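Written out as structure tokens, the structure is:
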């Protein structure tokens, strides 16, 4: 059975929140759990506006320590673990006992500890912070844990220059895998690659074969219901020899979907090597700066003379100077890792995310800049909006 | 000239935010400046929804360190000092240079410093934190200031057991006064009393007298325009002897309005002694818990048997156990300090702040509980709602 997997964009803005774009937060929902990527201010407010229950968050991944990606973490933890909060009262006792695993760069652990301690916060669930340590980052000494804190791991880059994240509880049991690589930004930033466990192969093609041999299987192999062979093949992954000697091969397992979620970056190259799928399902890439008709309108409003419209090169140069990307840069990376879908996010506050014709026109302009740089794959590029949910399809 | 003074409630909820009540934040606007009291998460979002400009904030007062009163501070500072933010571009260069003065209990200073440092935040204006130190609070050593931080004062209780806050820049020049007293809650909490400078007395009554003596003043005292005497009387505050020997007395100065804003509390008695006005203009008091029809409805929904409705005593006991107040307790304090208006806030998330008949009915119930305990002064009690502005009138 294929597990439903979707991604809800709780916030899609950069730096300042606006009426239509909150700070960054991305909720990946799989198998009844929510894994949260980044947690800007008012992420809990966005949860309240969405259909997602924040009490279902089991893991939180921070891409980098800029405030617009993490200022909402402590308040979210307070609310999502408050067992008096009606929104959380459906959580089982088990869910209330399992620690929340939080991953991110230094000094996430000491900052969160200081914040929870300074604000006298009591959480209704334990938590721990696993720090992904870049070269020269000091190792937090864990000397005085917060009341609700458990010791977390210190994760160093392995010999491949990759962070292999330890997973716990359900994610470990089910065989998920998360890796991260350092990507280039004005401060230490991470790209995460999440890989689902493989799922059993499709059985449809085997059904007529078993039906054909049903009588022989009943008589010679004493199977009262030959169709149970289907489950056995999936479970054992071993061939089965039919009464006539034919080998019934188990269907090839279907590789789990791979999701790539990047922090702010002007160059995420290092992530390419942890993308093991030939065709990752989704890439979520920032596109903070773009060149659209707004730039020309603003120039006109300012009545600057002489009037010299910016070029794509100007915009890319400015974006990179601030550690950011343009839609074209995002598309180039999408092409490089051959992803199925590219979702742009982290838009400047000037790119409104509402339904007005003006906003839609500008966002379509931005999308088209990426489409053109992504082999004109018009169906495969999206601009995220707040509270929009993208359903990650299983294609193989 | 009397300065316009108003109070906007940016957030009126407690603990969890709801669709109709955000976390605590109160903007007192006087003389073109905003003084902010508390700064819960998403206060900057509330500013965006209001008519107030966050770039006009000059002083921030934190009542206590619970997260619902301060989690929005660092993100607000980042946004309000971002001189690239169009909302702040009307600020003068002077406004961009003057430090933001932040007052509150320990460990506000070290927490804010850690937060801004950990998130690589660069502010567009300097700030400093003045800590109001309770008995046994350690003095922050200020060893390594944040890049945008200036040293702040350490304010100890004076011999009257009162915090006299040092004011700077415009507030000092104009003669404002702010004092605070420790009030009882589950953690160190403060009640602030803000006193406007006195303003010149009313001149209306003097006009006919001067008119009567105008001819004599012109001839004998050589005043080409006798009405200028009005300004002289205000400025010098000295009597003036008219040509016939009558003493013209300067009009008595009008005492500045006094505003009392309390943090969470189950007993704010200590504030009474810093209320120097016989008739303070406004008291803002929390009323987290109340007994309303909702309690009976919830009991019924839960189908608890035997059905035993809570009493006012039960609710007051529970409120106090959590360090909070009921509307009746707020009214008792309003009566004690003889304030002109009582505004209730910090409502539990169950008390919605919208326009639905159900919500209005419950809030009117809460208001009436306070009215009954405040000598039935129906016109003088208000329940705050998000984004509601209360105009503080000059009554004398």
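Protein chains in written order, with this note's numbering: chain A, 91 to 486; chain B, 91 to 486. Every residue, glycine too, gets a C-beta built ideally from N, C-alpha and C. Being a predicted model, the structure only gives us computed values, none of them experimental.
Check: Residue 260(A) and residue 484(A) closer than 9 Å at C-beta; Outcome: no
Check: Chain B residues whose Cβ lies nearer than 7 Å to that of residue 132(A); Outcome: 131, 132 and 135
Check: Contact under 9 Å by Cβ, residue 271(A) with residue 371(A); Outcome: no
Check: Residue 213(B) and residue 206(B) closer than 9 Å at C-beta; Outcome: yes
Check: Against chain A: residues of the segment 206 to 224 of chain B by CB proximity under 7 Å; Outcome: 208, 209, 210 and 211
Check: Cutoff 9 Å: residue 226(B) Cβ touching any chain A Cβ; Outcome: no
Check: Outcome for residue 152(A) when other beta-carbon atoms lying within 10 angstroms are tallied against a minimum of 16; Outcome: buried
Check: Residue 123(B) versus residue 140(B) - alpha carbon distance; Outcome: 15 Å
Check: Contact list for the segment 143 to 158 of chain B against chain A, Cβ threshold 7 Å; Outcome: 155, 156 and 157
Check: Listed by chain order, chain A residues near residue 107(B) by CB distance under 9 Å; Outcome: 132, 134, 135, 138, 165 and 169
Check: Candidates 403(B), 467(B) and 436(B): closest to residue 355(B) by CA position; Outcome: 436(B)
Check: Burial state of residue 108(A) (16 or more Cβ within 10 Å); Outcome: buried
Check: Within chain B, the residues that residue 197(A) reaches when beta carbons sit closer than 7 Å; Outcome: 208
Check: Interface positions of the segment 256 to 277 of chain A facing chain B (Cβ-Cβ less than 9 Å), listed along the chain; Outcome: 276 and 277
Check: Min CB distance residue 172(A) to chain B below 9 Å; Outcome: yes
Check: 9 Å Cβ cutoff met for residue 172(A) and residue 196(A); Outcome: no
Check: Spatially closest choice to residue 286(B) from 348(B), 97(B) and 161(B), by CA coordinates; Outcome: 348(B)
Check: Own chain, CB closer than 7 Å to residue 414(B), minus 5 neighbours either side, in chain order; Outcome: 354, 356, 376, 378 and 379
Check: Three-way DSSP call (helix, strand, coil) for residue 104(A) in this model; Outcome: coil
Check: Closer than 8 Å at the beta carbon, the chain B residues around residue 175(A); Outcome: 106
Check: Beta carbon proximity, residue 234(B) to chain A, threshold 9 Å; Outcome: no
Check: Host beta strand (DSSP E) of residue 208(A) (start-end); Outcome: Where residue 208(A) is concerned, there is no enclosing beta strand (DSSP E), although the alpha helix (DSSP H) it sits in stretches over 198 to 208.
Check: Within chain A, partners of residue 162(B) - CB distance below 8 Å; Outcome: 131
Check: Beta-carbon proximity list for residue 126(A), same chain, < 6 Å, skipping 5 on both sides; Outcome: 117, 147 and 150
Check: Beta-carbon gap between residue 410(A) and residue 465(A) smaller than 9 Å; Outcome: no
Check: C-beta neighbour in chain B for residue 237(A), strict 9 Å; Outcome: no
Check: Cβ-Cβ separation, residue 241(A) to residue 292(A) (assumed contact under 8 Å), whole Å; Outcome: Not confirmed; about 43 Å, so no contact.
Check: Interface residues of chain A facing residue 204(B) [CB-CB closer than 9 Å]; Outcome: 197, 200, 201, 204, 205 and 208
Check: Proximity test, Cβ basis, 9 Å: residue 327(B) and chain A; Outcome: no
Check: CB of residue 220(B) within 9 Å of CB of residue 192(B), strictly; Outcome: yes
Check: Residue-chain proximity (residue 112(B), chain A), Cβ-Cβ < 9 Å; Outcome: yes
Check: Pair within 9 Å by beta-carbon distance, residue 158(A) and residue 104(A); Outcome: yes
Check: 9 Å Cβ cutoff met for residue 97(A) and residue 479(A); Outcome: yes
Check: Within the segment 395 to 451 of chain B, ranges of the beta strand (DSSP E) (whole runs, at least 3 residues); Outcome: 431 to 435
Check: Residue 361(A) (DSSP reduced to helix, strand or coil); Outcome: helix
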